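See below for the structure under consideration.
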Amino acid sequence: GSSSRICKELAAEGMLQSQERGRALFYSLKNDEPIVRRLKSAWFLNQLMMSFRECWESQENQSVVLYGSRASGDFISRSDVDLLILTNVSQERIEKNFEGFKKEFGSELMLAVMPITRWKEMADRKDRFYVEVLANHILLFGSSPVIG
């Protein structure tokens, strides 16, 4: 009863949509609503921070950034997880830190491990990847990835 009441309230607020099938009423998220995308992103961020922050919290990493659909809230259950790691540590060493994440999480993990000097060069050129990450990112650890 209480879940039905809450779903009706969320539908009235525009966050859920409902569909009748027979005598049953089914609710689903309205993914095109900005508040829903923000809530999904916050939910995912909470899951990520509770379980996996030890993967990236290291003095060797200058910045760790979540970007892409998980940052924007436009993801679905099988969407990949895009992380940018600005560091001077090798790709292999960073990937080793994320082995547990890959096993437990179940989604494809896309690690963009980048030397800090290369990131600065991309910023100077206004590289497309640099601009896209800055347009939609969540800082997970370290300093801001914005250069200049």
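2 is the number of the first residue of the sequence shown in the numbering used here; add one for each residue after it. All C-beta atoms, glycine included, are put in the ideal place defined by N, C-alpha and C. As the structure is a prediction and not an experimental result, all values here were calculated from the model.
Burial state of lysine 41 is buried, judged by a 10 Å Cβ sphere holding 16 or more other Cβ atoms. Around the CB of asparagine 98, 16 or more other CB atoms lie within 10 Å, so the residue is classed as buried. Per DSSP, serine 64 is one residue of the beta strand (DSSP E) stretching across 62-68. A buried status is given to aspartate 83, since no fewer than 16 other beta-carbon atoms sit within 10 Å of its beta-carbon. Beyond the five residues adjoining it in sequence on each side, glutamate 96 comes within less than 7 Å, by CB distance, of Leu112 in the same chain, given in chain order.
Straight across, the Cα-Cα distance linking lysine 9 with serine 59 is about 45 Å. Looking at the DSSP output, methionine 115 sits in a beta bridge with Leu87. Rounded to whole angstroms, methionine 115 and glutamine 20 show a C-alpha spacing of 46 Å. Under the DSSP assignment, glycine 143 falls in the beta strand (DSSP E) whose first and last residues are 138-143. By the criterion of a C-beta distance shorter than 8 Å, asparagine 137 is surrounded in its chain by Tyr68, Gly69, Ala72, Ser73, once the five residues flanking it on both sides are discounted. The three-state reading of DSSP puts arginine 79 in coil, since its state is none of H, G, I, E or B. By the C-beta criterion, the region 138-146 is judged to be in contact with the region 44-60, since at least 3 inter-stretch pairs fall below 8 Å.
Secondary structure at serine 59: coil, using DSSP grouped into helix, strand and coil. Under the three-state reduction of DSSP output, glutamate 21 falls in the strand class. Looking at the DSSP output, serine 29 shares a beta bridge with Gln18.
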